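Under our numbering, think of the first position of the sequence shown as 368, with each following residue one higher.
Here a beta-carbon is modelled for each residue, glycine too, at the ideal position from N, C-alpha and C.
Source: prediction; values computed, not measured.
Structure, as structure tokens:
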Amino acid sequence: MSQTIAQIAQALEAEAVGDLSLVVHSASEPASARADQIALAMNPKYGEGLGQGHAQAAILWQGADWQSYGLKAAIFVTRPRLAMAGLSRAFDPGPEIAPGIHPSAIIDESAVIGSGAAIGPFTVIGRDVVIGANVRIASHVSIAQGAQIGSDALILEQVHIGARVVIGERFICQPGARIGADGFSFVTPEPSMVEEARASLGKHAEIRDQSWVRIHSLGTVEIGDDVEVGANSCIDRGTVRATKIGAGTKLDNLVHVAHNVQVGRDCLLCAQVGIAGSTSIGDRVVLAGQVGVSDNIFIGDDVITGGGTDVFTNVPSGRVVWGSPAVKMETQVEINKSLRRLPRLFAQVKELRETVTRLTQKGGDT
Numbered sequence: 368m369s370q371t372i373a374q375i376a377q378a379l380e381a382e383a384v385g386d387l388s389l390v391v392h393s394a395s396e397p398a399s400a401r402a403d404q405i406a407l408a409m410n411p412k413y414g415e416g417l418g419q420g421h422a423q424a425a426i427l428w429q430g431a432d433w434q435s436y437g438l439k440a441a442i443f444v445t446r447p448r449l450a451m452a453g454l455s456r457a458f459d460p461g462p463e464i465a466p467g468i469h470p471s472a473i474i475d476e477s478a479v480i481g482s483g484a485a486i487g488p489f490t491v492i493g494r495d496v497v498i499g500a501n502v503r504i505a506s507h508v509s510i511a512q513g514a515q516i517g518s519d520a521l522i523l524e525q526v527h528i529g530a531r532v533v534i535g536e537r538f539i540c541q542p543g544a545r546i547g548a549d550g551f552s553f554v555t556p557e558p559s560m561v562e563e564a565r566a567s568l569g570k571h572a573e574i575r576d577q578s579w580v581r582i583h584s585l586g587t588v589e590i591g592d593d594v595e596v597g598a599n600s601c602i603d604r605g606t607v608r609a610t611k612i613g614a615g616t617k618l619d620n621l622v623h624v625a626h627n628v629q630v631g632r633d634c635l636l637c638a639q640v641g642i643a644g645s646t647s648i649g650d651r652v653v654l655a656g657q658v659g660v661s662d663n664i665f666i667g668d669d670v671i672t673g674g675g676t677d678v679f680t681n682v683p684s685g686r687v688v689w690g691s692p693a694v695k696m697e698t699q700v701e702i703n704k705s706l707r708r709l710p711r712l713f714a715q716v717k718e719l720r721e722t723v724t725r726l727t728q729k730g731g732d733t
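Right under this line is the structure:
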């Protein structure tokens, strides 16, 4: 993955100076950089490390005096994390998946495999599956009957894609994800204690035996273009209609999207997010780590939730929420401040009660 400074600057759409023909093989932190690596010092606080390493080239902050660090070349950026996106893409060789179809792969004769596809060992592709052009599939992947996967997808080890799942182009799926499993949906012949408790906010008429009847999942999952799904995440198929993930949305590891959920475009669902059934999520929504979302509610466009938030009711568009239950973030901050003051308040109340008691006793004595 050798790159010249000119090539890296072009990939980052950034200004470069010095010897632009200089070749580097990878990126490194400044203090540990070798001569064949480009150092990442995109903030002045990392400048000191350049003198400790051996880099001849670096990515620096705008306005840096690059020659004072003894560099032969430099690239200047204004948004470090955006630069990291382009730089990491330039140096990432991707997983090693041999071109063509591995002899151990089992592919139904009715499946349609696009040109340029690479399919790894022990992968199983079922009846009437359609695989787009240039799709790369690693080992031990299972794709069930009738699934459709768009072009340029990357599907890594031990992923399972269920029957009739439809996936757009440039899909990335990390190891162990499960897409299109049945939803968790059960009912009792008579109204259950859970239904009674929910309707009455905590009460039910009596404790009694009850058994659960399975509701089968007849729907599927539909995923838009440019979606990424993290390792060991699960997206359940819908009961009748499809569970949907909008284009550009990214799921972190260990995310669970339940049956019938509708997720909009360009959302971020961070680690351990759980979204219960039949909830709708708008566009550009960010659910931070360990956020839980109740069933049958709506979260509007551009909502941001803080980590560990529990969303039990609808959230209007554009709101930033935090806490359990979710409230406006500024409200939760004030709640937290008040909670921290409680021990001092209790001490003051105790002191006041003792003072009142002494004064009362003294008044009685006189």
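In this structure, the CA atom of Ala431 is about 21 Å from the CA atom of Ala452. At a cut-off of 3 residues, the continuous stretches assigned as beta strand (DSSP E) that sit fully inside the segment 594-655 are 601-603 and 610-612.
Residue range Met560 to Ser567 is occupied by the alpha helix (DSSP H) that includes Arg565. DSSP places Leu389 outside any beta strand (DSSP E), giving it a letter other than H or E. CA-CA distance, Ala472 to Gly416, rounds to 49 Å. The alpha carbon of Val526 has as its nearest neighbour, out of Arg686, Cys601 and Ser455, the alpha carbon of Cys601. Beta-bridge pairing by DSSP links Thr490 to no other residue. If you look at Leu427, you'll find it in the beta strand (DSSP E) that goes Ala424 to Trp428. Taking C-alpha positions only, Pro710 is separated from Ile528 by approximately 53 Å. Residue state for Glu382 is assigned as strand, using DSSP reduced to three classes. Excluding its 5 nearest sequence neighbours in each direction, Arg531 has C-beta neighbours in its own chain below 6 Å: Gly513 and Thr587, listed in chain order. Taking every protein chain shown into account, the CB of Ile534 has 16 or more other CB atoms within 10 angstroms, so this residue is buried. Selection Arg725, Ile426 and Arg401 evaluated against Gln419 yields Arg401 as nearest (Cα-Cα).
The alpha carbon of Leu636 has as its nearest neighbour, out of Asp669, Gly437, Val502 and Gly605, the alpha carbon of Asp669.
Taken through DSSP and simplified to helix, strand or coil, Trp579 comes out as coil. Taking a C-beta distance under 8 Å as the contact criterion, Gly493 and Ile468 do not qualify as a contact pair.
Here DSSP, grouped into helix, strand and coil, assigns Gly418 to helix. Taking the CA atoms as reference points, Ala440 sits about 14 Å from Gln377. The beta carbons of Arg632 and Thr610 sit no closer together than 8 Å. Comparing alpha carbon positions, the residue from Ser395, Ala485 and Asp619 closest to Gly543 is Asp619. DSSP, reduced to helix, strand and coil, places Phe713 within a helical segment of the structure shown. Judged by beta-carbon spacing, Gly499 lies within the 8 Å limit of Ser518, meaning their Cβ atoms are closer than that value.
Contact between the segment 591-606 and the segment 621-628 is present: three or more C-beta pairs spanning the two stretches fall below 8 Å.
Counting along the chain, the unbroken alpha helix (DSSP H) around Leu454 starts and ends at Pro447 to Phe458. For Gln525, no beta strand (DSSP E) run applies, since DSSP gives it neither H nor E. When rounded, the separation of the alpha-carbon atoms in Val688 and Val479 is 46 Å. Inter-residue distance for Val694 and Ile702 is about 10 Å (C-alpha atoms, whole angstroms).
Here the alpha carbon of Ala383 sits roughly 6 Å from the alpha carbon of Phe443.
In its chain, beyond the 5 residues on either side, Ala505, Ser506, His507 and Pro542 have a beta carbon closer than 6 Å to the beta carbon of Glu524. Nearest to Gln429 by C-alpha distance, out of Glu396, Ser647, Asn681 and Ala408, is Ala408. Of the other Cβ atoms in all chains shown, 16 or more fall within 10 Å of the Cβ of Ser584; this residue is therefore buried. Cβ neighbours of Ile522 within its own chain (closer than 6 Å, five residues either side excluded): Ile504, Val508 and Cys540.
Shortest Cα-Cα distance from Ala381 to any of Phe713, Arg446 and Pro470 involves Arg446. Distance from the Cα of Val580 is smallest, within the candidate group Val554, Gly730 and Ile574, for Val554. By the CB criterion at 8 Å, Ala643 and Gly674 fall outside the cutoff.
Ranking Glu396, Ala398 and Ser455 by CA distance to the CA of Leu379 puts Ser455 first.
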